[in-house]
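Worksheet: one structure, shown below.
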Amino acid sequence: MPDEQCTFCAILTGERPGHVVLSDDVCTAFLDTRPVFKGHVLVVPPTHVETLPDLPVPQVGPFFERVRTVAAAVEHGLEAGGTFVAMNNRISQSVPHLHVHVVPRNRKDGLRGFFWPRTTYADQAEAESYALRIRKALAAAS
1 MPDEQCTFCA ILTGERPGHV VLSDDVCTAF LDTRPVFKGH VLVVPPTHVE
51 TLPDLPVPQV GPFFERVRTV AAAVEHGLEA GGTFVAMNNR ISQSVPHLHV
101 HVVPRNRKDG LRGFFWPRTT YADQAEAESY ALRIRKALAA AS
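Residue 82 in UniProt numbering sits at position 82 of the sequence shown; the count goes up by one each step and never skips.
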């Protein structure tokens with residue numbers, strides 16, 4: 001059940017726009033509006049749960065299968081050297097809805113430790129161009 005105050009639930013229900021790259025009964029994945037690097041994707045479960053321990057055990061495996069798929073698509077679709085995959089539970093969790101960060105990485109990209117500088121897209125068209133590249137990689141992998 002969606003939480004009326006949750007930004008991610010609003011994206012899931014279509015009340016708020018999002019550059020969705022994958023959506024099914026297991027997860028929705030969309031671009032972070034304040035990416036560490038362009039193409040940074042958030043993978044969220046379709047129901048409102050705040051932390052990983054709140055996700056029902058039968059959903060954990062399928063959810064992380066999707067995280068794995070998105071990580072591969074981000075790397076392939078954006079021609080990244082790799083990805084950084086991370087999750088916070090409560091502390092440093094800016095939106096209290098379980099989400100996994102999938103961040104494209106390249107050697108010497110400047111990311112050090114747990115300091116996550118943020119960037120922005122020039123406009124909605126640029127954001128959509130990144131989402132489209134990841135969607136194409138997901139379609140090619142299917």
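Backbone N, C-alpha and C fix where the C-beta goes; we use that ideal spot for every residue, glycine too.
Between the options, which lies nearest to residue i when the distance is taken from Cα to Cα?
i           : options               : result
residue 97  : 87, 134 and 103       : 87
residue 36  : 126, 121, 135 and 137 : 121
residue 25  : 102, 82, 117 and 59   : 59
residue 16  : 33, 27 and 22         : 33
residue 107 : 75, 52, 27 and 135    : 75
residue 80  : 23, 27 and 40         : 40
residue 93  : 135, 42 and 105       : 42
What residue does the beta strand (DSSP E) around residue i start on, and which one ends it?
i           : result
residue 82  : 82–86
residue 133 : Note, residue 133: premise wrong, no beta strand (DSSP E); alpha helix (DSSP H) at 124–141.
residue 96  : First-last for residue 96: undefined, no H or E at that position.
If contacts are defined as beta-carbon pairs under 8 Å, then residue i and residue j qualify, I think. What distance do you get, rounded to the angstrom?
i          : j          : result
residue 8  : residue 95 : 6 Å
residue 12 : residue 46 : 6 Å
If you follow the alpha helix (DSSP H) that residue i is in, where does it begin and where does it stop?
i           : result
residue 40  : Looking at the DSSP string, residue 40 is not in any alpha helix (DSSP H), and its letter there is neither H nor E.
residue 111 : No alpha helix (DSSP H) holds residue 111; DSSP gives it neither H nor E.
residue 9   : 7–13
Rounded to the nearest angstrom, what separates residue i and residue j at their Cα positions?
i           : j           : result
residue 14  : residue 112 : 35 Å
residue 54  : residue 62  : 15 Å
residue 123 : residue 117 : 19 Å
residue 84  : residue 127 : 19 Å
residue 64  : residue 71  : 10 Å
residue 142 : residue 99  : 23 Å
residue 91  : residue 3   : 20 Å
inquiry  = If we require 4 or more residues per run, which alpha helix (DSSP H) segments fall completely within the region 15–78?
reply    = 57–77
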